[in-house]
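Asks: Sharing a structure, written as structure tokens. Questions coming.
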Amino acid sequence: MTDVEATIPPNHEDGMAEADGTIDPAHRVALSYIDRSRRYYASKGYEQPYRWVTNDSAPFHKPERAVASSRLAVVTTSFPVECHDGPRPAKSVRAVAADPPPEQMYTDDLFWHKDATTTDDVESFLPLRTLAGFAAEGRLGSLNDRFFCIPTTYSQRSTRADAETIASWCDDDDVDLVLLVPL
Amino acid sequence: MVIGSARDIVEQAAVARFVFTDVPLGNPCGPPGNREDQRLVVDTALRLFDSAFLPRTTVQAPVHWPGHDWRASYMSIGSPDGRGGRSG
Chain A
1 MTDVEATIPP NHEDGMAEAD GTIDPAHRVA LSYIDRSRRY YASKGYEQPY
51 RWVTNDSAPF HKPERAVASS RLAVVTTSFP VECHDGPRPA KSVRAVAADP
101 PPEQMYTDDL FWHKDATTTD DVESFLPLRT LAGFAAEGRL GSLNDRFFCI
151 PTTYSQRSTR ADAETIASWC DDDDVDLVLL VPL
Chain B
1 MVIGSARDIV EQAAVARFVF TDVPLGNPCG PPGNREDQRL VVDTALRLFD
51 SAFLPRTTVQ APVHWPGHDW RASYMSIGSP DGRGGRSG
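Chains A and B, in that order, give the protein sequences. So the first sequence is numbered by this note's numbering: it starts at 1 and just counts up by one. So the second sequence is numbered by this note's numbering: it starts at 1 and just counts up by one.
Right, here's the structure in full:
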């Protein structure tokens, strides 16, 4: 915590820690990122809070094959470092070879907790080596030869279009299971 | 299947299967450098593919971040960029 933050009264009711660093059991432990972002941007003078995707139900299909016989593809919100061209990376949906796994991915433009952690370890958000290891052990049928990068945008329409593109790539690759890992 | 750390956002969007990892945003597959925890998170996801029988099934991955101070600092009002005081 910075000196500035220490002088400001708590502006949230979740994730409160005691002085010794233990959690305050009088408050909800898990953070509400919806509440945090709404309060933060309101404090900055934004009048229209972000409207999050909200659904009452989700489509569900039982996998046709066991995991040990299935091909799995990963979708990430990070992008290859080489896509970072100038101040912002080129953000369009793309397919990237999964082998060899990238040593780095570009995450600077994404919202993650930059004071608490790093994204230097790609396996912490894009688990290609871990999945390849499970495939080698026979626990997973196979890891798809490529993974997919999807841009984070404020447009639900463009995200839907990107999702359809990725779904068609998964069909092309005979993918059975998809693992989505947003940062 | 989603692996993620923003529980309220993913559950409000509603997905078929969700592995929730209660760590700072950025490392949904486990703390950096911790291969054991990362393996646990991914193993939890693989198990959920086989075991989930209803949509909107959430399982919390059995990993823990050391300490809780990170919880208060994210998007703390007063920090210059909303991410705990660092740019990027």
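For every residue, glycine included, the Cβ atom is placed at its ideal position computed from N, Cα and C.
1. Find the residues of chain B that neighbour F125 (chain A), judging by a C-beta separation of less than 8 Å, and give them in chain order.
2. Report the start-end ranges of each alpha helix (DSSP H) in the region 13 to 50 of chain A that is 4 residues or longer and not cut off at the edges.
3. Contact criterion: CB-CB distance below 8 Å. Does H64 (chain B) meet it with respect to chain A?
4. Considering only C-alpha positions, which residue in the set A:A136, A:L31 and A:L183 is nearest to M75 (chain B)?
5. Tell me the DSSP bridge mates of L179 (chain A)?
6. Whose C-beta lies closer than 7 Å to the C-beta of G138 (chain A) among residues of the same chain, with five residues either side of it excluded?
7. Alpha carbon to alpha carbon, what distance is there between L54 (chain B) and A6 (chain B)?
8. Quick check on R157 (chain A): buried or exposed, where buried means 16 or more other Cβ atoms within 10 Å of its Cβ?
9. Taking Cβ to Cβ, would you say T76 (chain A) is nearer than 8 Å to C170 (chain A)?
10. From the DSSP output, in three-state form, read off S92 (chain A) for me.
11. Let's test the definition: count the other Cβ atoms within 10 Å of the Cβ of S124 (chain A) and tell me whether it reaches 16, buried, or not, exposed.
12. Which full runs of the alpha helix (DSSP H) of 4+ residues lie inside the region 95 to 168 of chain A, going along the chain?
13. Answer yes or no: does any C-beta atom of chain B fall closer than 8 Å to that of V175 (chain A)?
14. Mark N27 (chain B) as exposed unless 16 or more other C-beta atoms lie within 10 angstroms of its C-beta, in which case mark it buried.
15. Can you tell me whether S155 (chain A) is buried or exposed, with buried defined as 16 or more other CB within 10 angstroms of its CB?
16. In the DSSP output, what is I9 (chain B) paired with across the bridge?
17. Does the structure place the region 99 to 116 of chain A close enough to the region 56 to 67 of chain A that three or more beta carbon pairs sit under 8 Å?
18. Given this structure, state the Cα-to-Cα distance separating G15 (chain A) from D24 (chain A), to the nearest angstrom.
19. Beta-carbon of G15 (chain A) versus every beta-carbon of chain B: anything under 8 Å?
20. Can you check whether the C-beta of V59 (chain B) is within less than 8 Å of a C-beta belonging to chain A?
Replies: With the given structure in hand:
1. The sequence position of residue 125 (chain A) within the first sequence is 125, counting from 1. The contacting residues are G26, N27, P28 and C29.
2. 33 to 43
3. Within the second sequence, the letter at position 64 stands for residue 64 (chain B). So, not an interface residue.
4. In the second sequence, residue 75 (chain B) corresponds to position 75, counting from 1. The option with the nearest alpha carbon to M75 (chain B) is A:L31.
5. Position 179 of the first sequence, counting from 1, holds the residue named residue 179 (chain A). Beta-bridge pairing links L179 (chain A) to A:V74.
6. Mapped onto the first sequence, residue 138 (chain A) falls at position 138. Here the set comprises A68.
7. Sequence index remark: in the second sequence, residue 6 (chain B) carries index 6 (1-based). Sequence index remark: in the second sequence, residue 54 (chain B) carries index 54 (1-based). Rounded to whole angstroms, A6 (chain B) and L54 (chain B) show a C-alpha spacing of 21 Å.
8. Counting from one through the first sequence, the residue named residue 157 (chain A) turns up at place 157. R157 (chain A) should be labelled exposed.
9. Walking along the first sequence from the start, residue 76 (chain A) turns up at place 76. Walking along the first sequence from the start, residue 170 (chain A) turns up at place 170. No, the pair does not count as a contact, with Cβ atoms beyond the cut-off.
10. Translated into positions along the first sequence, residue 92 (chain A) becomes position 92. Reduced to three states, the DSSP call for S92 (chain A) is coil.
11. Residue 124 (chain A) sits at position 124 when you count from the first residue of the first sequence. By the 10 Å Cβ count, S124 (chain A) comes out buried.
12. Qualifying alpha helix (DSSP H) stretches, in chain order: 128 to 137.
13. Along the first sequence, one-based indexing puts residue 175 (chain A) at 175. So, not an interface residue.
14. One-based indexing of the second sequence puts residue 27 (chain B) at position 27. Its Cβ being crowded by 16 or more others within 10 Å, N27 (chain B) is buried.
15. The residue given as residue 155 (chain A) occupies position 155 in the first sequence. Label assigned to S155 (chain A): exposed.
16. Start at 1 with the first residue of the second sequence, and residue 9 (chain B) comes out as number 9. Its beta-bridge partners do not exist; DSSP assigns none.
17. no
18. Locating residue 15 (chain A) in the first sequence gives position 15, where the first residue counts as 1. Locating residue 24 (chain A) in the first sequence gives position 24, where the first residue counts as 1. One C-alpha to the other measures close to 8 Å.
19. Residue mapping note: residue 15 (chain A) aligns to position 15 of the first sequence, counting from 1. At a cut-off of 8 Å between beta-carbon atoms, G15 (chain A) makes contact with chain B.
20. Walking along the second sequence from the start, residue 59 (chain B) turns up at place 59. No, no contact with chain A.
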